[in-house]
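Q: Chains A, B and C, in that order, give the protein sequences.
To convert a position in the first sequence, counted from 1, into the numbering used here, add 1.
To convert a position in the second sequence, counted from 1, into the numbering used here, add 214.
To convert a position in the third sequence, counted from 1, into the numbering used here, add 4.
Pasting a structure below so you can have a look.
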Amino acid sequence: MMRLPAFSLLAASTLAEAVEMLRDHPGSTVIGAGTDLLPNMKRRQVRPATLVSLGAIPGLVGIRRDDTGGWVIGALTVLGDVARFPDLPGALRAAAGSVASPQIRNTATVGGNLCVDTRCSFINVTEEWRAASGPCLKAGGDVCWVAPKGEQCWAVSSTDLAPAAIVLGASVRLVGPGGERTIPAADLYRPDGIDHIAKARDEILTEVSIPPLAGLRSTYLKLRRRQAVDFPILGVAAAVRTGDDGIVEEARIVLGAIAPAPLRAAATEEFLVGKRLTPEVVEEAGRIAALPVRPFDNTDLGSRYRKWMTATFVRRALRELE
Amino acid sequence: MIAPRFSFVGSGRPRVDAGDQVSGRTVFADDMSLPGMLIGRQLRSPHGHARITRIDVRRALALEGVEAVITGADLPITYGILPVSQDEHALALERVRYVGEPVAAVAAVDAETAARGLELIEVEYEPIEETASIDEAATDRVLIHGEGLGRNVHRAASLEFGDVATGFEEADHIREDVYDFRGSTHAALEQHAAVASFGTDGRLTIWSSTQVPHYLHRALEKVLELPAAQIRVVATPVGGGFGGKTDPFSHEIVAARLSMETGRPVKITLSREEVFYTHRGRHPVLMWVRTGFRRDGTITAMHFRTHLDGGAFGSYGLATLYYTGALQTTTYRIPHYKFEGVRVFTNKPPCGPKRGHGTPQPRFALECHLDAAAADLGLDPVTIRVRNLVEPYSTTVNYLRITSCGLRECIEKVVAASGFGDKHGKLPPGRGVGLAVSAYMTGAGLPIYFNDMPQSEVSIKVDRGGGVTVFSMAADVGQGSTSVLATIVGEVLGLDPATLAMVTADTDLTPVDLGSYSSRVTFMAGNAALEAAERIRDTVVAAVADELGTTRDVLVVGDGRVGVEGAPEKSIPWPDAVRAAISRTGPLAASGSYTAPTLAGPYKGSGVGISPAYSFSAAVVEVECDAETGHVRVERVWLAHDIGRALNSLLVEGQIEGGVYMGLGEALMEEQAYRGTLHRGPSLLDYKMPTFLDVPPVESILVETVDPEGPFGAKEVGQGPLLPVIPAVANAIHDALGVRIDEVPITPDKVVRAMRDLARGGSGRVGPASVPEFDFGRANRVAVPEGLRP
Amino acid sequence: MIDRILTLSVNGREHRVLTPDHRTLLELLREDLRLTGTKHGCELGECGACTVLLDGTPVLSCLTLARSAEGHAVTTVEGLAAGGVPAPLQDAFTRLGAAQCGYCTPGMLMAASALLNSVLDPSTAEIQEALSGNLCRCTGYGKIVAAVRLAARSGR
């Protein structure tokens, strides 16, 4: 049985205390449910000496409407509750409901999924396996086995929630030693497989806010080999607002699990505005969305296939929102 | 003697061990804990191919809590499952041949100390050029084993039955195809585990999750140089086998050696990753097939070539090689048949037997090839198969004796139930149906070690309270063998099978059964149990006849009584009958045995494929394919299986449904995949076995042909039903989309590639272009059996 | 690395166990409490074999720190039968052959029992979804679905 490396578990009872603990313990990290962190630790991808548990902090669980008509979701709300919450936008519910398995959705949190570590077939393996391949950039080595000529890590952003949150215009609240700040969900991500979260180690993601929909309809489609358990190997979130005449007024499309960060399909969005979602327009939108995508062979199924599916999934998402 | 009507045989009854299973009381090997037990772990090679230039274990030994450290030098004697392939060391000696090969081992007070101990073992390697594929292996540059035939060829076979040249001359149409089966693994949910305890009396006991306690017993005797009489092997309930726990393994030998070293019990449980390296799964096989047909679809000749990627060691591979050529003839009459096959060594975990052992790969090729030929000839898939069906009670061109055969009925039933005729070629685009058939052995005709002793022995002892204890070495691997033996004995003695005491899979207590492999237990151990039970019954009946002053022929045994049929006043309860027997003849015990008839044909290699009986299966698979994403959704599977006779219909259905499931997984998603010599993803996340949401409903249809030699007429069901599923899926996808994916697994990316090819005016085929060049030399020409000569 | 004394409620009984922070609930159940009915198949949250109930909710004990189970009621397969009488679900698994090798069975039973506690008469689709995190290598799942349906109809 694979076992966890030794660590100390500190249970914070307030946010302030948690921030303090993170600050006082170098190399510490927060743990929500640990469904991402603990397997990574068992594989010795990360070895924090201290884990700061947020579970006992009041106020981090729950979904509520705010006074603008938007939603505020506590970071420790479990994914199963998001998926079952009838009132939330479609993309978010679909994304949350597609994560892993029912057991994992019973404990895995919204904050945890937004911050889920990037994945790559060269890193999500045991220490012994990585010793056989030689350590990659993300494992502290000096080469990316996926693209050995470059100096960048291409581990794949594997959060289902992020693409959905971004198309819905969500923002996240971060609390750190210097106080709190709220940033657009899109700004939480960096296009770097190693340093992929734009959040300081001692900052804590406390909640996600989703503004009122104002006519946006949204969806999330996920590509994976099996219908359960698997991480996305492509996730397409789309949100569209059309006028009474069927003309697109606003379109937002974000591609997940195809690069180190969620990718905004900006050219596609631009192309769609002012058009009706006719079969020809949808067809072309898929083509445009897939153009800049360059997946690597570091997750399941081939990179070419995932690029082709980018076009297909964007089209399907748009058809759903017609 | 078959009872006129059955009390227990046939009905769907719960497993005798189900109560423990559903309450968490079944003790699997890793659930065991003995006083003073140490935890063992193995250090594994990070190299695909390297010389070990230095091993230093001193720092590990010095660690507090580490009780012993051993290396290859401590276990220098080789072993292997087959007498001709004694090529493995429990811990690598001088050279490592795959990533994950065990190199050293520690025993420590707990798992964490054992892990730290491993980190302190210093090993220096000098990497050697690696060979990762069938193509590379044939290139002579670097030899994985010094011995063998050179060019990394483990073994090659070339057999010609009749004269294929003549057969092809008689053909109106000749078709050639090339197929690739990429290989998969068992992935039983239980990781392998063993607990070894070397006693102060010099006796070694090992409890292991093994399908073959007898062969493990032999391997331990050899490697540890202990007399067999001083070794006791107990097979714990096996948490899924499928062939993956059928070799003697390094961790078993190492646990034993560490226990001998420390004088304390030692447990080794593999991690999931280690299970992937232990492997012995389905061989990747590249295949080429050429068949001649008459206009009406009659086969005139077939030439079949296979290239097997064996991984780094022999394992069962020699048998696997011959299996890839043996059973093509058991479903179709092939008047002239040539088989050429070669197994190569590569620097990857060793392949071995997985459910269907060496036959799902050629069956995939053959059944797809037949569908393609049928299309060439303007025939439908049913007609071309029925035209060539083997007859019951016949001999094949390669000397396999067919007895009962319900293949025709299987096809008829599965075609009728599925509405195949109304669907094939007629469903809307994206939807399709596929048909395939198969046959499988009911037990290998020969033991692994040739000898004249029985292949299965069963003993029964009855106590003075009437309690019946059945002793058999057969290991229950989830298939329900213990329940089947209980059913047979219960039927003969008229006792509820659930009330029998079953003692199984313990070399100290039970007489030999060769093991739970090759679908042999129901037939072989079943016949042995039947014989033993009949002997008990006869002794008891004789005593009761004496007691009642009547003759034996009027007495029947049933409902817990022995007496005159239809005359309750002239019958006595079973316990009284037993006491009467013991009073007259002494202790009431009997043994029975089974030895297969002599079946081998007059040629080298004829030992593989022979069996006292064959099961037959036919499958129809209906699919809905997403032409854009390549996703294949299996809507339903109909599977008809000639079981001979179902001893327990619930268990039979369970085996059919499980076989279909495993076949679907192999057809659509599972692959033991590598990057070079490094496993692509040794985890249950990366190895894609189907979930609840990936499987269709299965309709099982039982065909009963009552085999004359099976216990109550029974044949196998553990492996056969997997076989037709894979080609039936491939054929259904072709029916749905018009594309041919001649490479398993048929993943969505391949389907999309084929669709894009089709759209560009191509053939819509994805698959290998050719098989490697290989000189098979002159074939061993074998005259066709007498009855088949023109 | 500090060992702490945990107080854990398992199958209605309180246990006090000295354990380090990095111990998982799975390890604690199997190795400290010797409740070996809970299995491990992947060690990484990928197979469902280690499923137990935490306050009635199915969770993966291999990804649950033992300490975080403190203050919650843990139920394992050993706690399913009431007073030695098998639960209808266990009985249905037995009668319909839903266990073959039996290794995934405890996890399967725990996930299914939670479903039956929340949905009175679940549909096939609901059962498949609720158990989609539990892998079985023997049965092909059909008989498991049938057993859960049977249990639902025979009262819980």
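Using N, Cα and C, we set each Cβ at its ideal position, and we do this for glycine too.
Does DSSP put valine 310 of chain B in a helix, a strand or coil?
A: Strand at valine 310 of chain B.
Q: Taking the Cβ atom as the reference point for each residue, do arginine 265 of chain B and proline 711 of chain B lie within a distance shorter than 8 angstroms?
A: No. Outside cutoff.
Q: Measuring only the C-alpha atoms, how far is glycine 694 of chain B from alanine 243 of chain B?
A: Straight-line Cα distance between these residues: approximately 18 angstroms.
Q: Count the other CB atoms within 10 Å of the CB of isoleucine 9 of chain C; is the residue buried (16 or more) or exposed (fewer)?
A: That one is exposed.
Q: Looking at C-alpha atoms only, which residue of B:His571, B:Gly376, B:Ala407 and B:Ala860 is the closest neighbour of threonine 514 of chain B?
A: Answer by Cα proximity: B:Gly376.
Q: Expressed to the nearest angstrom, what Euclidean distance is found between the alpha-carbon atoms of leucine 154 of chain C and alanine 118 of chain C?
A: Cα to Cα, leucine 154 of chain C sits roughly 15 angstroms from alanine 118 of chain C.
Q: Name the residues in the segment 792–812 of chain B whose C-beta lies less than 9 angstroms from a C-beta of chain C; which are they?
A: Here the close residues number zero.
Q: Taking contact to mean 3 or more Cβ pairs, one atom from each stretch, closer than 8 angstroms, check whether the segment 487–501 of chain B and the segment 887–902 of chain B are in contact.
A: Short answer: they touch.
Q: The alpha helix (DSSP H) spanning cysteine 839 of chain B covers which residue range?
A: No alpha helix (DSSP H) holds cysteine 839 of chain B; the beta strand (DSSP E) holding it covers 828–839.
Q: Glutamine 104 of chain C and glycine 872 of chain B: beta carbons closer than 8 angstroms?
A: Result yes, Cβ atoms of glutamine 104 of chain C and glycine 872 of chain B sit closer than 8 angstroms.
Q: Please decide whether glutamate 390 of chain B counts as near chain A, where near means a Cβ-Cβ distance under 8 angstroms.
A: Chain A contact via Cβ: absent.
Q: Answer yes or no: do threonine 736 of chain B and arginine 446 of chain B have a C-beta to C-beta separation smaller than 8 angstroms?
A: Going by C-beta atoms, threonine 736 of chain B is not nearer than 8 angstroms to arginine 446 of chain B.
Q: Provide the residue span of the alpha helix (DSSP H) that contains tryptophan 72 of chain A, from first to last.
A: Here tryptophan 72 of chain A belongs to no alpha helix (DSSP H); instead the beta strand (DSSP E) covers 72–75.
Q: Output, in sequence order along the chain, the residues in the segment 38–50 of chain C whose CB is closer than 9 angstroms to any CB in chain B.
A: Answer in chain order: Arg38, Leu39, Thr40, Gly41, Thr42, Lys43, His44, Gly45, Cys46, Glu47, Leu48, Gly49 and Glu50.
Q: Below 8 angstroms between beta carbons is the criterion; list the residues of the segment 900–915 of chain B that meet it against any residue of chain A, in chain order.
A: Those residues of the segment 900–915 of chain B that come within reach of chain A (Cβ to Cβ, closer than 8 angstroms) are Asp900, Lys902, Pro904, Thr905, Phe906, Leu907 and Asp908.
Q: Which chain A residues sit within Cβ distance under 8 angstroms of serine 247 of chain B?
A: Within chain A, no residue comes near serine 247 of chain B; the closest Cβ sits about 14 angstroms away, beyond 8 angstroms.
Q: Does the distance from the CB of valine 83 of chain A to the CB of valine 168 of chain A come in under 8 angstroms?
A: No, the pair does not count as a contact, with Cβ atoms beyond the cut-off.
Q: What are the boundary residues of the alpha helix (DSSP H) that includes aspartate 270 of chain B?
A: Element bounds for aspartate 270 of chain B: not the alpha helix (DSSP H) but the beta strand (DSSP E), 264–270.
Q: Do you know how far the Cα of glutamate 748 of chain B is from the Cα of alanine 217 of chain B?
A: Here the model assigns alanine 217 of chain B a pLDDT of 42, short of 50, so the residue's position is not dependable and the matter cannot be decided.
Q: Does the beta-carbon distance from isoleucine 58 of chain A to leucine 16 of chain A come in below 8 angstroms?
A: Taking 8 angstroms as the Cβ cut-off, isoleucine 58 of chain A and leucine 16 of chain A qualify as a contacting pair.
Q: Would you please verify whether the beta carbon of glycine 177 of chain A is less than 8 angstroms from any beta carbon of chain B?
A: Closer than 8 angstroms: no.
Q: Would you kindly report the start and end of the unbroken beta strand (DSSP E) that includes arginine 389 of chain B?
A: 387–395 is the extent of the beta strand (DSSP E) around arginine 389 of chain B.
Q: How many angstroms separate the CA atom of isoleucine 6 of chain C from the CA atom of proline 24 of chain C?
A: Their Cα atoms are separated by approximately 6 angstroms.
Q: Which residue comes first and which comes last in the alpha helix (DSSP H) that contains alanine 115 of chain C?
A: Its alpha helix (DSSP H) spans residues 109–122.
Q: Could you check if isoleucine 955 of chain B is buried or exposed, using at least 16 other CB atoms within 10 Å of its CB as the buried criterion?
A: The residue is buried, with at least 16 neighbouring Cβ atoms inside 10 Å.
Q: Could you confirm whether any beta carbon from chain B is found closer than 8 angstroms to the beta carbon of arginine 306 of chain A?
A: It is worth fixing the name first, because residue 306 of chain A is tyrosine in this sequence and not arginine. True, the Cβ-Cβ gap to chain B drops below 8 angstroms.
Q: Helix, strand or coil for isoleucine 513 of chain B per DSSP?
A: Strand at isoleucine 513 of chain B.
Q: Going by other Cβ atoms of all chains shown within 10 Å of its Cβ, with 16 needed for buried, is glycine 137 of chain C buried or exposed?
A: It is buried - the Cβ of glycine 137 of chain C has at least 16 other Cβ atoms within 10 Å.
Q: Given this structure, state the Cα-to-Cα distance separating alanine 101 of chain A from isoleucine 124 of chain A, to the nearest angstrom.
A: Answer to the nearest angstrom: the Cα atoms are 19 angstroms apart.
Q: Could you give the distance in angstroms between the alpha-carbon of glycine 216 of chain A and the alpha-carbon of glycine 244 of chain A?
A: Using only the alpha carbons, I get a separation of about 9 angstroms.
Q: Between the alpha carbons of isoleucine 796 of chain B and glycine 858 of chain B, how many angstroms are there, rounded?
A: Cα to Cα, the separation comes out at about 36 angstroms.
Q: Figure out for me which residue from A:Ala156, A:Thr36, A:Ala266 and A:Ala96 has the closest Cα to the Cα of proline 192 of chain A.
A: Among A:Ala156, A:Thr36, A:Ala266 and A:Ala96, the Cα nearest to that of proline 192 of chain A is on A:Ala156.
Q: Output the boundary residues of the alpha helix (DSSP H) element that contains glycine 704 of chain B.
A: From DSSP, the alpha helix (DSSP H) with glycine 704 of chain B extends over 695–707.
Q: How many whole angstroms separate the CB atoms of proline 233 of chain A and aspartate 161 of chain A, which I take to be in contact at a CB cut-off of 8 angstroms?
A: Indeed, because the Cβ distance is near 6 angstroms, the residues count as touching under 8 angstroms.
Q: How long is the line joining the alpha carbons of threonine 127 of chain A and lysine 43 of chain A, rounded to whole angstroms?
A: Answer to the nearest angstrom: the Cα atoms are 8 angstroms apart.
Q: Just to confirm the assignment, what range does the alpha helix (DSSP H) spanning proline 789 of chain B have?
A: Here the alpha helix (DSSP H) through proline 789 of chain B covers 788–799.
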